[in-house]
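Chemist: Sharing a structure below in structure tokens format, with a few things to ask.
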Amino acid sequence: MYHAKELTVSTRGRGFTDITGEVRRAVTESGARQGLCTVFLHHTSASLLLCENADPDVRRDLESFFARLVKDGDPLFVHDAEGPDDMPAHVRTVLTQNSLSIPVKDGDVDLGTWQGVYVWEHRTSPHRRRVTVSVVG
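The letter at position 133 of the sequence shown is residue 729 when you use our numbering, and the numbering goes up by one with no holes.
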């Protein structure tokens, strides 16, 4: 069987939005007991992250690391059509991922104890992001 659900995720600007609950609901709606869940983000300036969900300091530290690694307004970048965070957002996305594969076990995503699924917004302003959750079971 195959089931797909499209999500619209509103971000508040640069940072993390937890979508674990929405992904879980999509798997439940699919009716699959065993299989594979794919989460796909349809954008080039945000990414998906499977990350620690208990301590928000982990996500804060990731953001701090990327701010040091890929600086907004870096004169190295030519592409700045949408502002100084434009090309840095694309670089951050290329260094991370826009698709996740998660096993489905007993009708739920088989995440580790401290794992959550996040949209990581790399632009400084809020955006609406399209995510497709596909389940094959």
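For every residue, glycine included, the Cβ atom is placed at its ideal position computed from N, Cα and C. Values in this document were obtained by computation on a predicted structure and should not be read as measured data.
Here's the rule I'm using: 16 or more other beta-carbon atoms within 10 Å means buried, otherwise exposed. How should residue 639 be labelled?
Modeler: To locate residue 639, count along the sequence shown from 1; it is residue 43. Flag for residue 639 reads buried.
Chemist: The alpha helix (DSSP H) with residue 640 in it runs from where to where?
Modeler: Stepping through the sequence shown from its first residue, residue 640 is reached at position 44. Residue 640 -> no alpha helix (DSSP H), and no H or E assigned at all.
Chemist: Nearest-angstrom Cα distance between residue 698 and residue 634?
Modeler: Position 102 of the sequence shown holds residue 698. Position 38 of the sequence shown holds residue 634. Those two C-alpha atoms are separated by around 6 Å.
Chemist: Considering only residues of the same chain and omitting the five flanking positions on each side of residue 612, which have a CB-CB separation below 6 Å?
Modeler: Looking up residue 612 in the sequence shown gives position 16. Correct list, in chain order: 655, 714 and 716.
Chemist: Could you give the first and the last residue of the continuous alpha helix (DSSP H) run that contains residue 602?
Modeler: Within the sequence shown, the letter at position 6 stands for residue 602. Element bounds for residue 602: not the alpha helix (DSSP H) but the beta strand (DSSP E), 598-606.
Chemist: Considering only their Cβ atoms, is the gap separating residue 729 from residue 600 smaller than 8 Å?
Modeler: Counted from its first residue, the sequence shown places residue 600 at position 4. Counted from its first residue, the sequence shown places residue 729 at position 133. Contact flag set, yes.
Chemist: Which residues does DSSP pair with residue 701 in a beta bridge?
Modeler: Translated into the one-based positions of the sequence shown, residue 701 becomes position 105. Paired residues: 630 and 704.
Chemist: Under 6 Å Cβ to Cβ from residue 702, same chain only, skipping five residues before and after it: list those, please.
Modeler: Stepping through the sequence shown from its first residue, residue 702 is reached at position 106. Excluding residues within five positions, none has a Cβ falling inside 6 Å.
Chemist: So what's residue 728 in DSSP terms, helix, strand or just coil?
Modeler: Along the sequence shown, read from residue 1 onward, the residue named residue 728 stands at position 132. In the structure shown, residue 728 sits in a strand (DSSP, three-state: E or B).
Chemist: What residues are listed by DSSP as bridge partners for residue 662?
Modeler: Counted from its first residue, the sequence shown places residue 662 at position 66. Residue 662 is not bridged to any residue.
Chemist: List the residues that DSSP assigns as beta-bridge partners of residue 717.
Modeler: As a working mapping, residue 717 is identified with position 121 in the sequence shown. Looking at the DSSP assignment, residue 717 forms a beta bridge with 611 and 642.
Chemist: Compute the distance between the beta-carbons of residue 719 and residue 609, then report whether it is under 8 Å.
Modeler: For the purposes of this step, residue 719 is taken as residue 123 along the sequence shown, with counting starting at 1. For the purposes of this step, residue 609 is taken as residue 13 along the sequence shown, with counting starting at 1. Result yes, Cβ atoms of residue 719 and residue 609 sit closer than 8 Å.
Chemist: Rank 686, 700 and 707 by C-alpha distance to the C-alpha of residue 675 and give the top, closest one.
Modeler: On the sequence shown, position 79 is the one that residue 675 refers to. It is 686.
Chemist: Is the beta carbon of residue 731 less than 8 Å from the beta carbon of residue 700?
Modeler: Counting from one through the sequence shown, the residue named residue 731 turns up at place 135. Counting from one through the sequence shown, the residue named residue 700 turns up at place 104. Yes, the pair counts as a contact, with Cβ atoms nearer than the cut-off.
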